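Structure first, commentary second.
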């Protein structure tokens with residue numbers, strides 16, 4: 153059997169539409185750019201990943217609790233966090249095509265072109281110039297000057313007709329109240345879920361009877377007005393985050409950071425993600441965010457290259473200190489054991505649920521040649537598979553359907569199941585292979601005599617006869633012993 157790995161994101165886009173994983177939002181009206189809807193299979197896959205994360209974070213830890221903060225928050229939250237002032241990208245518009253681009257990305261693409269042409273010295277000189285722009289005032293002016301000096305043209309139109317570079321805030325802004333139009337009443341859709349945890353830190357501390365070290369986990373929607381949003385659900389304007397902020401005593405933060413980095417990497421492997429498709433990419437000291445003491449990305453090898461799916465950050469006491477300053481409320485923790493007060497340091501784990509869903513699809517995708525025939529299969533970990541069991545009567549006979557319905561009723565309490573009687577058995581198998589269904593049960597006439605059925609396993613296509621009474625046990629044992637290939 154020959155196996156072909158995924159080599160194009162387009163194949164995932166096509167499969168997602170055809171099998172009901174992910175659809176373009178408002179597609180009947182031409183779609184909405186960088187916004188997507190999850191179909192029947194997609195919503196189950198996404199929920200399974202979300203549940204696996206929540207269980208790993210809260211159920212298996214006795215010192216991590218959850219919150220569900222509102223999307224709308226007081227505007228002062230975003231001033232304290234630095235988002236109002238600093239959550240910006242330097243943008244430039246092509247006057248000919250009306251397309252908008254990130255100015256620094258245009259320059260980086262130009263540098264790569266120079267390297268491709270063998271002009272490494274010039275590329276190094278320009279890279280040095282680009283790297284120093286962020287450390288000086290006048291960032292927009294510096295980027296504009298580089299674009300003008302290098303005569304960088306617009307990628308799509310080929311024109312050299314630019315506007316000035318200006319900062320573009322990525323937060324969605326609206327007004328609070330039915331008739332309000334005043335900027336004083338401006339409010340934002342949250343660009344991240346972390347701040348909802350920080351502003352509830354004292355509430356959790358006072359009500360959950362937790363002690364340092366402890367964590368607060370949250371799953372929720374976030375919104376960023378990304379100008380350059382592309383690559384399917386990898387970068388969207390409306391997305392879902394799974395974040396946990398772990399509060400520790402200052403001095404324990406470096407150890408905790410390393411522990412959580414290892415823990416989170418192992419979690420991806422527990423989902424069946426192949427180890428060769430994962431890596432850790434630490435942030436260089438000169439590229440750290442202003443609040444971070446250390447940071448690293450857990451990256452996955454997508455068809456578009458190595459990209460971040462989760463970030464681990466040592467945020468020090470930046471967030472709680474800022475909220476203490478802006479709110480006037482004490483964010484200190486009294487350590488009874490040490491008999492001292494301090495503002496805790498925070499180790500953050502932050503993962504994009506949509507990116508994680510895309511990662512699972514990409515890692516599971518295979519094209520296989522089997523005895524001269526081809527099949528597309530998603531070798532998802534059974535615990536992530538949207539449908540766990542397919543149930544097929546061999547033919548549309550009442551007595552076979554009756555037994556099939558009985559099996560469906562018995563299994564659906566514990567597993568997501570799908571009954572299908574349409575088409576040949578081979579076609580039904582192929583449909584479920586593409587959906588990632590790990591187990592398919594065929595009910596035939598022999599089963600009416602001896603109460604057995606044929607169960608077929610997705611990954612190796614092996615089949616065996618199993619007693620109807622033992623189906624639940626066989627499926628559970630297979631799920632527990634499953635290993636990625």
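In the numbering used here, the protein residues as written are 153 to 637.
Quick reminder that beta carbons are idealized off the backbone N, C-alpha and C, glycines included.
Just so we're clear, the structure is a prediction, and the values are computed from it rather than from any experiment.
Quick one, which of 532, 487, 528, 491 has its alpha-carbon nearest residue 508's? Walking along the chain shown from the start, residue 508 turns up at place 356. Ranking the options by Cα distance to residue 508, first place goes to 532.
Check: With distances taken between CB atoms, is the gap from residue 452 to residue 397 smaller than 8 Å?
Finding: Reading the chain shown from its first residue, position 300 is the one you call residue 452. Reading the chain shown from its first residue, position 245 is the one you call residue 397. No; because the gap between Cβ atoms is not below 8 Å, this pair is not in contact.
Is residue 563 near residue 623, with beta carbons less than 8 Å apart? As a position in the chain shown, residue 563 is number 411, starting the count at 1. As a position in the chain shown, residue 623 is number 471, starting the count at 1. Inclusion of residue 563 and residue 623 in the CB contact set at 8 Å is warranted, their separation being smaller than that value.
Starting from residue 637 and walking both ways along the beta strand (DSSP E), at which residues does that stretch end?
-> Locating residue 637 in the chain shown gives position 485, counting from the first residue. Looking at the DSSP string, residue 637 is not in any beta strand (DSSP E), and its letter there is neither H nor E.
Might you give, ordered along the chain, the residues of its own chain that have their beta carbon closer than 6 Å to the beta carbon of residue 528, omitting 5 neighbours on each side? Here residue 528 corresponds to residue number 376 of the chain shown, with the count starting at 1. Once the five neighbours on either side are set aside, the close Cβ partners of residue 528 are 519, 586.
**Asked** Are at least three pairs of beta-carbons, each pair with one atom in the stretch 242-260 and one in the stretch 201-220, less than 8 Å apart?
**Response** The stretch 242-260 vs the stretch 201-220: no contact.
Name the DSSP beta bridge partners of residue 468, please? In the chain shown, residue 468 corresponds to position 316, counting from 1. DSSP output for residue 468 lists 498 as bridge partner(s).
- Closest Cα partner of residue 512 within the set 538, 603, 521: On the chain shown, position 360 is the one that residue 512 refers to. In this structure, 538 is the residue among 538, 603, 521 with its C-alpha nearest to the C-alpha of residue 512.
**Q.** Segments assigned beta strand (DSSP E), at least 3 residues, entirely inside the stretch 565-599
**A.** Taking only runs of at least 3 residues, the beta strand (DSSP E) segments lying wholly in the stretch 565-599 are 569-571, 591-595.
Exercise for the section: Can you tell me which of the three DSSP states residue 235 falls into? Expected result: Here the question's residue 235 lines up with position 83 in the chain shown. Helix at residue 235.
TODO: Please work out which residues of its chain come closer than 7 Å, Cβ to Cβ, to residue 325, disregarding the five sequence neighbours upstream and downstream, and give them in chain order.
DONE: Locating residue 325 in the chain shown gives position 173, where the first residue counts as 1. 338, 340, listed in sequence order.
Between residue 245 and the rest of its own chain, which residues show a CB-CB distance below 6 Å, the 5 nearest in sequence each way excluded?
For this step, residue 245 is matched to residue 93 along the chain shown. These residues qualify, in order along the chain: 252, 315.
Looking only at its own chain, which residues have a Cβ that is under 8 Å from the Cβ of residue 425, when we skip the five neighbours before and after it?
Indexing the chain shown from 1 puts residue 425 at position 273. The answer, listed in chain order, is 452, 511, 512, 515, 636.
_Under the three-state DSSP convention, the category residue 431 falls into_ = Taking the first residue of the chain shown as 1, we reach residue 431 at position 279. Three-state DSSP puts residue 431 in a strand.
Got a sec? Which residues, its chain only, sit under 6 Å from residue 298 by beta carbon, not counting five neighbours each side?
Position 146 of the chain shown, counted from the first residue, corresponds to residue 298. Within the same chain, residue 298 has close Cβ partners 259.
* **Segment limits, beta strand (DSSP E) that includes residue 648** => Beyond the ends of the chain as shown, which are 153 and 637, falls residue 648; an answer cannot be given.
According to DSSP, residues forming a beta bridge with residue 369: Working through the chain shown from its first residue, we reach residue 369 at position 217. Residue pairing by DSSP places residue 369 opposite 218, 396 in a beta bridge.
Exercise for the section: Leaving aside the five residues before and after residue 460 along the sequence, list all residues of the same chain whose C-beta is less than 6 Å from its C-beta, in chain order. Expected result: For the purposes of this step, residue 460 is taken as residue 308 along the chain shown, with counting starting at 1. 449, 451, listed in sequence order.
Original post:
By Cβ distance below 8 Å, which residues in the same chain neighbour residue 164 in space, the five residues on each side in sequence not counted?
Top reply: Position 12 of the chain shown, counted from the first residue, corresponds to residue 164. Same-chain partners within the cutoff: 158, 384, 455, 510, 513, 514, 517.
Exercise. Where does residue 407 sit, in a helix, a strand or coil, going by DSSP?
Worked result: Stepping through the chain shown from its first residue, residue 407 is reached at position 255. In the three-state scheme derived from DSSP, where H, G and I count as helix and E and B as strand, residue 407 is classed as helix.
Range of the contiguous beta strand (DSSP E) that encloses residue 609
Reading the chain shown from its first residue, position 457 is the one you call residue 609. Residues 604-609.
| query | For the stretch 463-470 against the stretch 544-564, are there 3 or more C-beta pairs whose distance is under 8 Å? | reply | No, because fewer than three Cβ pairs between the stretch 463-470 and the stretch 544-564 fall closer than 8 Å, the two stretches do not touch.
With a Cβ-Cβ cutoff of 8 Å, do residue 471 and residue 401 count as a contact?
For the purposes of this step, residue 471 is taken as the residue at position 319 of the chain shown. For the purposes of this step, residue 401 is taken as the residue at position 249 of the chain shown. Cβ atoms of residue 471 and residue 401: not closer than 8 Å.
- [ ] Compute the beta-carbon to beta-carbon distance between residue 505 and residue 392, rounded to the nearest angstrom, for a pair I have assumed lies under 8 Å.
- [x] Within the chain shown, the letter at position 353 stands for residue 505. Within the chain shown, the letter at position 240 stands for residue 392. Confirmed, Cβ separation roughly 4 Å.
Thinking C-alpha only, which one of 279, 457, 172 is nearest residue 386? For the purposes of this step, residue 386 is taken as residue 234 along the chain shown, with counting starting at 1. It is 457.
Excluding sequence positions up to five away, which residues of its chain have a Cβ less than 8 Å from the Cβ of residue 577? Here residue 577 refers to the residue found at position 425 of the chain shown. Exclusion of the five residues before and after residue 577 leaves 544, 546, 594 as the residues of its chain whose Cβ lies within less than 8 Å of its Cβ.
N-terminal and C-terminal residue of the beta strand (DSSP E) that residue 329 is part of: Here the question's residue 329 lines up with position 177 in the chain shown. Counting along the chain, residue 329 falls outside any beta strand (DSSP E), and DSSP gives it neither H nor E.
Query raised in the report: What do you get for residue 329, buried or exposed, if any count of 16 or more other CB atoms within 10 angstroms of its CB means buried?
Result: Taking the chain shown and counting its residues from 1, one reaches residue 329 at position 177. When all chains shown are included, residue 329 counts as exposed.
Throw me the rounded Cβ distance for the residue 542 and residue 572 pair, which I believe falls under 8 Å.
-> Indexing the chain shown from 1 puts residue 542 at position 390. Indexing the chain shown from 1 puts residue 572 at position 420. Rounded, the Cβ-Cβ distance is 6 Å, consistent with contact.
* Asked: Which residue spans inside the stretch 159-214 form an unbroken alpha helix (DSSP H) run of at least 4?
  -> Under the rule that a run must span 4 or more residues, the alpha helix (DSSP H) segments found entirely inside the stretch 159-214 read 161-171, 192-206.
Open item on the list: Please report the straight-line C-alpha distance between residue 603 and residue 561, rounded to a whole angstrom.
Closed with: On the chain shown, position 451 is the one that residue 603 refers to. On the chain shown, position 409 is the one that residue 561 refers to. For residue 603 and residue 561, the distance between alpha carbons rounds to 16 Å.
message = So, with DSSP's three-state summary, where would you put residue 550?
response = If you number the chain shown from 1, residue 550 lands on position 398. Taken through DSSP and simplified to helix, strand or coil, residue 550 comes out as helix.
Use the C-beta contact count for residue 256: other C-beta atoms within 10 angstroms, 16 or more gives buried, fewer gives exposed. Along the chain shown, read from residue 1 onward, the residue named residue 256 stands at position 104. Buried: at least 16 other Cβ atoms inside 10 Å.
Could you say which of 196, 473, 296 lies nearest to residue 354 if we only look at CA atoms?
For the purposes of this step, residue 354 is taken as residue 202 along the chain shown, with counting starting at 1. Checked all of 196, 473, 296; the closest Cα to residue 354 is 473.
* To do: Figure out for me which residue from 521, 247, 495, 282 has the closest Cα to the Cα of residue 264.
  => Indexing the chain shown from 1 puts residue 264 at position 112. That would be 282, whose Cα lies nearest to the Cα of residue 264.
Note to self: Taking 8 Å as the limit between beta carbons, can you name the residues of its chain near residue 305, skipping five residues before and five after?
What the structure shows: Stepping through the chain shown from its first residue, residue 305 is reached at position 153. Excluding five sequence positions before and after residue 305, the CB atoms of its chain that fall closer than 8 Å to its own CB belong to 311, 312, given in chain order.
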